[in-house]
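Residue numbers (the numbering used here): 438 to 635. Every residue gets a Cβ at the ideal spot worked out from N, C-alpha and C, and that includes glycine. Just so you know, these numbers come straight off a predicted model, no measurement behind them. Report on the following structure.
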Amino acid sequence: MSFAKQFLDEVQQVAGQVDPGAVEKLAGELRAVRERGGRLFILGVGGSAGNASHAVNDFRKICGLECYAPTDNVSELTARTNDEGWATVFAEWLKGSRLNANDALLVFSVGGGDLEKNVSPNLVLAIQLARRTGAAVLGIVGRDGGYTAREARACVVVPTVNAGHVTPHTEAFQAVIWHLLVSHPLLKINPTKWESAR
Numbered sequence: 438m439s440f441a442k443q444f445l446d447e448v449q450q451v452a453g454q455v456d457p458g459a460v461e462k463l464a465g466e467l468r469a470v471r472e473r474g475g476r477l478f479i480l481g482v483g484g485s486a487g488n489a490s491h492a493v494n495d496f497r498k499i500c501g502l503e504c505y506a507p508t509d510n511v512s513e514l515t516a517r518t519n520d521e522g523w524a525t526v527f528a529e530w531l532k533g534s535r536l537n538a539n540d541a542l543l544v545f546s547v548g549g550g551d552l553e554k555n556v557s558p559n560l561v562l563a564i565q566l567a568r569r570t571g572a573a574v575l576g577i578v579g580r581d582g583g584y585t586a587r588e589a590r591a592c593v594v595v596p597t598v599n600a601g602h603v604t605p606h607t608e609a610f611q612a613v614i615w616h617l618l619v620s621h622p623l624l625k626i627n628p629t630k631w632e633s634a635r
């Protein structure tokens, strides 16, 4: 079997094992954020930061949800990292945005964060801040979901079908799931260009 065939077979397996109920719960939580006039803050590092930036566009444009990604502001991100440290960068950014109980965090992460292993401590500290302020914690994560899955009100854990491909599968399925969400009848309020073009 070629590598391409193997990888695409794995993609089919992941898609077949994603929990639709978890996705529906996530859609409901996101609709509730919009209905109460809250904001959505999407957090991610590495490839997940790129996904966060793209998802912000879609949730704003297609769903009419006020949405931001801290990693979109390179100047603030790097200033806070330099002056205060990487671990607190998201929590301090969220404090500056006056995170409150109407808001929600949506965490994109392969591992979900783990303070003991010093993996994505910036996500963990942001989640802890959200819990203290009453903001909802949501996630699309891989592996066992880490701290995000344990603390989230709603979380989709991308199934592991090949431990050697956890990162590419998780980051790819972050995109699949957020595109599903912005297409969901609970959330979509504006047409997308190519589907509405005549």
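Apart from sequence neighbours up to five positions away, the residues of its chain that approach Ala-612 with a beta-carbon distance below 7 Å are Asn-488, ordered along the chain. In the three-state reduction of the DSSP assignment, Ile-564 falls in the helix class, which pools H, G and I. Annotation: the continuous alpha helix (DSSP H) that includes Val-619 extends over 603-620. Unbroken beta strand (DSSP E) runs of no fewer than 3 residues, entirely contained in the segment 531-606, are found at 541-546, 573-578 and 591-594, following chain order.
DSSP places Leu-623 outside both helix and strand once states are collapsed to three, so it counts as coil.
The beta carbon of Val-561 sits closer than 6 Å to the beta carbons of Gly-550, Leu-552 and Tyr-584 from its chain, once the five residues preceding and following it are set aside; these are given in chain order. The beta carbons of Asp-509 and Ser-490 sit closer together than 8 Å.
The secondary-structure analysis by DSSP pairs Ile-479 across a beta bridge with Leu-543.
Apart from sequence neighbours up to five positions away, the residues of its chain that approach Phe-496 with a beta-carbon distance below 7 Å are Leu-477, Leu-502, Cys-504 and Val-619, ordered along the chain. Straight-line measurement puts the Cα of Phe-610 at about 24 Å from the Cα of Asn-555. The segment 563-572 and the segment 624-631 do not touch, with fewer than 3 CB-CB distances between them shorter than 8 Å. Put simply, of Arg-473, Gly-571 and Ser-557 the residue whose alpha carbon is nearest the alpha carbon of Gly-582 is Ser-557. By the beta-carbon neighbour count (other beta carbons within 10 angstroms, threshold 16), Thr-607 is buried. Leu-624 is not a Cβ neighbour of Val-460, given a cutoff of 8 Å.
In the DSSP assignment, Leu-502 falls outside any alpha helix (DSSP H), carrying neither H nor E. Closest in C-alpha terms to Ala-541, from the list Ala-586, Ile-479, Val-578 and Ala-528, comes Ile-479. Assigned with DSSP and collapsed to three states, Asn-488 falls in helix. If you check the CB distance, Val-544 and Arg-580 do not come in under 8 Å. The residues Glu-447, Gln-450 and Val-451, in chain order, have a CB closer than 6 Å to that of Val-598 in the same chain once the five nearest residues on each side in sequence are set aside.
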